[in-house]
Every structure is written in structure tokens, then in C-alpha cells.
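With the working numbering applied, the sequence shown corresponds to residues 147 to 608, in that order.
Glycine is no exception: its CB is placed at the ideal position from the N, C-alpha and C atoms.
Please read all numbers here as calculations on a predicted model, not as lab measurements.
Since the structure comes first, as C-alpha cells, the remarks are kept for the end.
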Amino acid sequence: MPGAPVRPDSPELLNALDPSIWPRSVVRSPNPADHGALQVAGHDVRDLAREFRTPLMVMDEADFRYRAASFSAAFDHAGQGRVYYAAKAFLTSAIARWCIEEGLSIDVCTGGELACALRAGVPGDRLIMHGNNKSSDELARALDAGVGRIVIDSYEEIARLGFLAAERDVVADVLVRITVGVEAHTHEFIATAHEDQKFGFSLSGGSALEAVRRVAALPSLRLVGLHSHIGSQIFDSAGFEVAAHRVVEFAAELSRDLGITVGELNLGGGMGIAYIDGDDPLNVADMASQLRRIVERESAASGLPLPTIAVEPGRAIVGPTAITIYEVGTVKRVELDQGHVRTYVSVDGGMSDNIRTALYDADYTVRLASRVSEAPAMLTRIVGKHCESGDIVVRDAWLPSDVAPGDLLVLAATGAYCRPMASNYNYIPRGAVVAVREGTTQVLLRRETEDDLFALDMGLGD
């Protein structure tokens, strides 16, 4: 079919698991009695599906910890680096604790994310708070919790935070978020550094300079750095290089004209992961090395001392560590024009547990997980059970032609932005999230019940 991915030329390719896409512990069982079922950290996906029901997100805890520790080690160069895990990608209390235990700090952007981190026992000074419209209550809670960094995003916020900090007789450490006119090569709705957007202060329009002046004029605020974020799912350092050049150039202007020294440069997040064959992101060590060289070169060229370099990876840590298990409900062949046939494979989840395909036309790798098959490849469209024609999980996927109701399918790389953006559309309970290690399982989020769905419905009486 036009536009479809290349047809696998053997059953082996239909059953294969690319290690750059799947969690580190995912393998097919070598035991012939298991018929090639997938295992995660030694746990058979069929057993997990029976115990916790589907749709089910399964997270490889050891893989998460490995990736978190890798970021911490790569960027903590002679004490000149700081890594904040971007909570918006996916946060639970257990994930927050894993981050802290592996040397990361955490980036939150709402009062709810802040509350989750604090309930998990994260020290306030290990947090940075974002948000383009932080309320007075959110800012007050951040100050009371001793949040280490607050990223300023508007003139109103400068005044609001300055007042709240003065009222508490504290000095808040802040970064000013600037837009540098660099747009990452990614989907329109998640590219965040072009000028026409809701985040930050423009360099070209002079609002960034005015924001720094206003911060400097308030004794209850202390400018400790500048923040820039250029987009998401970025596979090379070219955009970061241009952004760093412009941010450091602005820092030099602040030093020269205002006598302000910028001690921290936060380049945001956006490091990409592999979702499908052909995706080729930089590894963590290479990305860290390249970003460090870029900032060193630009700082030296501007005659500035080397600032602390901070980054905010979310997807790059949690994204590859999780899979989602679905059960096939129906298989339907639809005759199209010119002799084409579309085979719809319907699963028991959909846009309520993964909205990214509908929102961003995201693509995923999917495999038959409950067994291997020697059947030839069949082009399918994997869809959910919601009352929407746009309820698509994978637009075009090759599966064995004998896929049938009751089979389990597994989607790779669902750790980021799936559960956090999930909903109860059509009154479907959200599934559980389970962390696995060798020999153990831990429920991070339990499966919702019908009682959960109706808990807020005040028209039902007692």
C-alpha cells in the first residue's frame, strides 16, 4: 500500500526485537514450551497480562535506573553539570525516588507535579519549576518547599514571584526562559523555540533583556541563569549549537552592559529516542560531550567563565524503558480501491492510553508478543476501541497474517507521554502501570475501577 513501511521479507524479521528500540531486558523466551512469548526482566508478558489485565504498561526498572545514571554520569563533568528529569514525560512517586537515588534532580511544571515529587520525599533544592502560567498558589508552594530554581516565563510572574518571596523574606533563585529563534526538526506542536509561541521571552524583540532588568531590580529575586528549550525528539546537536551560541551571546551582553554574570545555562530537554527502524539518536555520552564542547567554545569566544550546564531529559530516560501490552479483540479486512485491502486489528486500549498517534501522527514498533509465528507478513492498521475514526494506535504495521483475537500485541517505547496524557474517554478505566525486576513486580499505578470513574459524579447520591 502507498506510504506503508517496507514489508519484512521473512518471519524472523516480524519476530525480531531491535535492542535500540526495546527495553534492555526484553527477549523472546528460549523455552520451546513458551512458543516464543516475550519476557520483560524474566516475566512472561502472558502472565503479566493475566495478573494485571490489559492494556498494561510494563516498565523495566533496571533499564530506567541505568539510563538515569548514564545521564547523571555523562553530564556531571567536574561538577559543571546538572541533570533534571522532566516529570511531564511520566512521574509517579516511585519514579521520583528512582531519579533521586540515581543522582538526578527533577523538573516539574505544575502544582500537581510538584506535589507528587514532594510526597515522594524529593528535597526542594533538587527541584526546578517551569510553567508559562504558574499561579500564586503554585509559586507560594514552591517557595515554601524551598524549590531550588524557578524558571521565569512572563513579566507578570516576575512581579508575582517577587512579591511572594519578599512576603516570606526569602530570595528566590530564578532562571529567565528565552526563545532563541531556533526551531527543532520535529512536529509543529512540540517545537518550542520559534518566536510565535507561549513560552519565554524573545531575544530578537528585546523582551528577554527587559525581563532580566526587572528581575535584577527586585531584591527578593536572584538571577542564576538562562534557560532555552528548542523542541523535542532531537537526534543531533546542530540545533543546540545555534541555541547555545545565541544564549551565550546574550549572557555576554548582560555581563558587558549590566554587570550581570550568568552562572548557569540550561539547554532544556528534547533528546530523541528510537521508536522505529531508522531512528538514530545520539547516545548520552556523545550528546553530553558535544553540548559541553559547544558551551566551552562559545563561552571562550565571548570571554565568559564556563557556566554550569543543565539539561532536562524526560523522554530520553523513561521512553525506551516501558512497553504497553494489548489484547487483540477483532480482526477486520476492508476492501479498498484498486484491489487494496486494509486489515484493521482492534485492541482493548487506544487513544485513552496513548493519544500521541492521534495528536502527533506518532509512529511505533509493534510485535506479536504471546507467541512467534511463521505466517507471512500482513499490513495492518492497529486501532483502539473508542468511538472515533481517529482512534489509531499504529497507522501501518506489519504483523503475521495469522494474528487473531486473544493474541497479545506489545508496543515498544511507550514510557513517555502515554500514561501522563491518558484519559477516561468513553468511560474506559486507565490500565495499571507495573515495574518489573528479575523476580519481582511493583504496581506503580493500579488499574482504575468503575468506582474511580464515578467518584466525582455528585449526581449519583450517597
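- Nearest neighbour of N161 by Cα position, chosen from I574, F600, A523 and Y563, turns out to be A523.
- In this structure, DSSP gives K531 a state outside helix and strand, which the three-state scheme calls coil.
- The way I'd put it, the stretch 360 to 380 does touch the stretch 312 to 325; three or more beta-carbon pairs between them come closer than 8 Å.
- In the displayed model, F381 falls within coil according to three-state DSSP, outside both helix and strand.
- L372 is bridged by DSSP to V322 and L411.
- Counting along the chain, I304 sits inside the alpha helix (DSSP H) bounded by residues Y301 to E313.
- Taking C-alpha positions only, K234 is separated from D253 by approximately 8 Å.
- When secondary structure is reduced to three states using DSSP, S350 falls in the coil class, being assigned neither helix nor strand.
- Scanning its chain for C-beta atoms nearer than 6 Å, with the 5 sequence neighbours on each side dropped, one finds around A468 the residues M203, M205, T560 and G561, in chain order.
- Burial of S445 is indicated by the presence of at least 16 other C-beta atoms within 10 angstroms of its C-beta.
- Proximity of the stretch 515 to 531 to the stretch 545 to 557 meets the contact definition, three or more beta-carbon pairs being nearer than 8 Å.
- Distance between A291 and A420, taken at the CA atoms: about 37 Å.
- The beta carbon of R265 lies closer than 8 Å to those of S239 in the same chain, with the five residues before and after it left out.
- In the DSSP assignment, G258 falls within the alpha helix (DSSP H) that extends over G257 to R265.
- Taking a cut-off of 8 Å on C-beta distances, the stretch 488 to 508 touches the stretch 526 to 533, as three or more cross pairs fall below it.
- Listed in chain order, the beta strand (DSSP E) elements of length 3 or more contained wholly in the stretch 156 to 223 are 184 to 186 and 202 to 206.
- Close CB contacts of T526 within its chain, under the 6 Å cut and outside five residues either way in sequence, are with T489, V491, A543 and L545 (chain order).
- Among the bridge pairs identified by DSSP, Q588 is matched with A581.
- Following the DSSP letters along the chain, one finds E444 inside the alpha helix (DSSP H) bounded by residues V430 to S448.
- As far as DSSP is concerned, R593 takes part in no beta bridge.
- Cα atoms of V322 and L349: separation of roughly 11 Å, rounded to the nearest angstrom.
- Assignment of V549 by DSSP, reduced to helix, strand and coil, places it in the coil class.
- By the CB criterion at 8 Å, R170 and A183 fall outside the cutoff.
- Here the alpha carbons of A504 and V539 stand approximately 8 Å from one another.
- Remark: C-beta atoms of W168 and A558 approach each other more closely than 8 Å.
- I455: not part of any alpha helix (DSSP H); member of the beta strand (DSSP E) spanning T454 to V457, first to last residue.
- Cβ neighbours of A232 within its own chain (closer than 7 Å, five residues either side excluded): D253, G415, E458, P459 and G460.
- Between I471 and A515, the gap from beta carbon to beta carbon is short of 8 Å.
- Taking 8 Å as the cut-off, the beta carbon of I455 is found no closer than this to the beta carbon of L428.
- In this structure the stretch 430 to 445 touches the stretch 387 to 404; the number of beta carbon pairs closer than 8 Å is three or more.
- The beta-bridge partner set that DSSP reports for L367 consists of A318.
- The secondary-structure analysis by DSSP pairs E284 with nothing; it has no beta-bridge partner.
- F600 counts as exposed, since fewer than 16 other C-beta atoms from the protein chains shown sit within 10 angstroms of its C-beta.
- Beta-bridge partners of Y231 (DSSP): I252.
- Residue range S239 to E247 is occupied by the alpha helix (DSSP H) that includes E247.
- Sequence-distant Cβ neighbours of N570 in its own chain, meaning closer than 8 Å and more than five residues away, are S498, R576, E594 and L599.
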